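Colleague:
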Amino acid sequence: MSECEVTAPGQGYPAAVSMRKDLSMPVISQQATERSPEVEFDPSGGRLSLRGESYPEDAAGFFGPLLGALREHLDGTDPENRIEVDIELSYFNSSSAKALMNMFQLLEEAAAAGRSVHIAWRYHADDDTMAEFGEDFSEDFEHAAFTLCPSED
Numbered sequence: 064m065s066e067c068e069v070t071a072p073g074q075g076y077p078a079a080v081s082m083r084k085d086l087s088m089p090v091i092s093q094q095a096t097e098r099s100p101e102v103e104f105d106p107s108g109g110r111l112s113l114r115g116e117s118y119p120e121d122a123a124g125f126f127g128p129l130l131g132a133l134r135e136h137l138d139g140t141d142p143e144n145r146i147e148v149d150i151e152l153s154y155f156n157s158s159s160a161k162a163l164m165n166m167f168q169l170l171e172e173a174a175a176a177g178r179s180v181h182i183a184w185r186y187h188a189d190d191d192t193m194a195e196f197g198e199d200f201s202e203d204f205e206h207a208a209f210t211l212c213p214s215e216d
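Everything in the sequence shown is counted per this note's numbering, starting at 64 for the first residue and increasing by one.
In structure tokens form, the structure reads like this:
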């Protein structure tokens with residue numbers, strides 16, 4: 064399996080917004096809206112996915128609970144547990160970029176502490192803007208694996 068073939072979080076999850084207990088932490092599943100991405104976070108499976116566009120009116124309010132759950136998961140689980148992050152955003156605003164940077168900082172700190180962290184940054188091969196954002200974000204990682212994954216789809 065190539066680094067871009069990360070098992071996509073959210074495969075088989077219900078489409079509605081839901082939170083359910085899986086082992087010790089709830090799964091977060093939120094449908095995309097016109098202004099916010101689809102979110103799938105399965106702490107017990109070590110998978111997080113963001114897909115769509117991200118320009119919510121209140122980015123801190125939208126991303127805050129996700130970042131809190133991610134922080135709780137990283138602080139409360141065995142560092143031996145791997146986490147895979149799959150991001151496929153076609154557009155995001157500056158507030159969402161700040162939230163992504165905060166998320167990436169948490170993941171980089173976890174990787175620096177010894178956790179296996181893999182981030183797949185997916186974008187259409189013709190989308191130079193998303194490719195450049197991925198390249199820029201990747202420069203901030205020393206410990207986590209950050210893979211640029213262009214697609215023709």
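Think of the CB as a built atom: it goes at the ideal place given N, C-alpha and C, for glycine as much as any other residue. Predicted, not measured: the structure shown is a model, and the values here were computed from it.
Quick test of the definition: if touching needs 3 or more C-beta pairs under 8 Å, does the segment 180 to 193 touch the segment 121 to 132?
Modeller: Contact fails: fewer than three Cβ-Cβ distances are below 8 Å.
Colleague: Mind pulling the alpha helix (DSSP H) runs of 4 or more residues that sit fully within the segment 129 to 212?
Modeller: DSSP runs (the alpha helix (DSSP H)) wholly in the segment 129 to 212: 157 to 175, 191 to 201.
Colleague: How is K84 classed by DSSP in three states: helix, strand or coil?
Modeller: Confidence at K84 is low in this model, with a pLDDT of 34, below 50, so its placement is unreliable and no value can be given for it.
Colleague: Roughly how many angstroms separate the alpha carbons of L169 and D199, rounded to a whole number?
Modeller: Looking at the two C-alpha atoms, the distance is approximately 17 Å.
Colleague: Over what stretch of residues does the beta strand (DSSP E) that includes R98 continue unbroken?
Modeller: That residue, R98, is in no beta strand (DSSP E); it is neither H nor E in DSSP.
Colleague: What are the boundary residues of the beta strand (DSSP E) that includes G115?
Modeller: Taken as a continuous stretch (DSSP letters only), the beta strand (DSSP E) holding G115 covers 110 to 117.
Colleague: Skipping 5 residues on each side, what residues in its chain have a beta carbon closer than 7 Å to that of P100?
Modeller: Same-chain partners within the cutoff: L113, R114, G115, E116, S117, L152.
Colleague: Should E171 and F204 be called a contact, given that it needs their Cβ atoms to be closer than 7 Å?
Modeller: In contact: E171 and F204 (Cβ atoms closer than 7 Å).
Colleague: Count the other CB atoms within 10 Å of the CB of A207; is the residue buried (16 or more) or exposed (fewer)?
Modeller: Result: buried.
Colleague: Might you give, ordered along the chain, the residues of its own chain that have their beta carbon closer than 6 Å to the beta carbon of F209, omitting 5 neighbours on each side?
Modeller: Same-chain partners within the cutoff: I182, S201.
Colleague: Give me the Cα-Cα distance between S159 and T96, rounded to the nearest whole angstrom.
Modeller: Cα to Cα, S159 sits roughly 15 Å from T96.
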